[in-house]
Amino acid sequence: MDRTRVQGLLLVAAAGAVTVVVVVALVLLVNAGSGFEGCTSTAQFGWLAPLLAASIIGALAWVLLRQDHRIEEDDTHVPAAECPECGRTVMGEWRMCPYCGEVLDPRYSRRV
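Here the sequence shown is numbered in my numbering, starting from 5 and rising by one per residue.
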């Protein structure tokens with residue numbers, strides 16, 4: 005495993021642990037005033053709601069953090085063209101020249 009992948013997994017594990025601690029602390033804080041009688045966590049399956057919420061939050065964090073945000077080298081190359089009106093270099097995919105406002109037609113623009 006490469007270093008960034010290990011760091012990502014450690015970050016997900018830390019976020020999951022923090023989420024579980026926060027959910028448990030919230031359940032205890034909300035139910036502490038009533039002496040824990042009839043609170044969510046003492047019901048037969050009352051513990052399931054905080055556990056499910058923490059699992060969903062952890063899963064979302066895992067999915068978002070494991071996405072690869074690297075840009076491929078081939079995707080970064082955009083062909084350049086020349087504006088027919090002012091002659092300045094513009095990106096080949098642009099529809100309008102930012103310098104003179106000429107509407108560009110990619111079929112007729114000359115590649116630089």
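Note that CB positions come from ideal geometry on N, CA and C, so glycine has one too. This structure is a prediction, so every number in the text was calculated from the model and none was measured.
DSSP beta-bridge partners for residue i?
{"i": "Ala84", "result": "Met95"}
{"i": "Val107", "result": "Met100"}
So, with DSSP's three-state summary, where would you put residue i?
{"i": "Trp66", "result": "helix"}
{"i": "Gln11", "result": "helix"}
Among the options, whose alpha-carbon lies nearest the alpha-carbon of residue i?
{"i": "Trp98", "options": "Ile60, Val26, Leu108, Leu30", "result": "Leu108"}
{"i": "Val27", "options": "Leu56, Gly91, Val67, Ala85", "result": "Leu56"}
{"i": "Thr8", "options": "Gly105, Ala58, Gln71, Glu106", "result": "Gln71"}
{"i": "Ala29", "options": "Leu15, Asp6, Ala58", "result": "Ala58"}
{"i": "Ala63", "options": "Val10, Leu32, Thr23", "result": "Thr23"}
{"i": "Val25", "options": "Trp66, Ile61, Leu13", "result": "Ile61"}
Could you pull out every residue in the same chain whose Cβ sits closer than 6 Å to the Cβ of residue i, ignoring the five residues on either side in sequence?
{"i": "Arg92", "result": "Tyr103"}
{"i": "Ala19", "result": "Ala65"}
{"i": "Val67", "result": "none"}
{"i": "Cys90", "result": "Tyr103, Cys104"}
Using a Cβ-Cβ cut-off of 8 Å (strictly less than) and excluding sequence neighbours within five positions of residue i, which residues of its own chain qualify?
{"i": "Gln100", "result": "Residue 100 is actually Met in this sequence, not Gln. Once the five neighbours on either side are set aside, the close Cβ partners of Met100 are Glu106, Val107, Leu108."}
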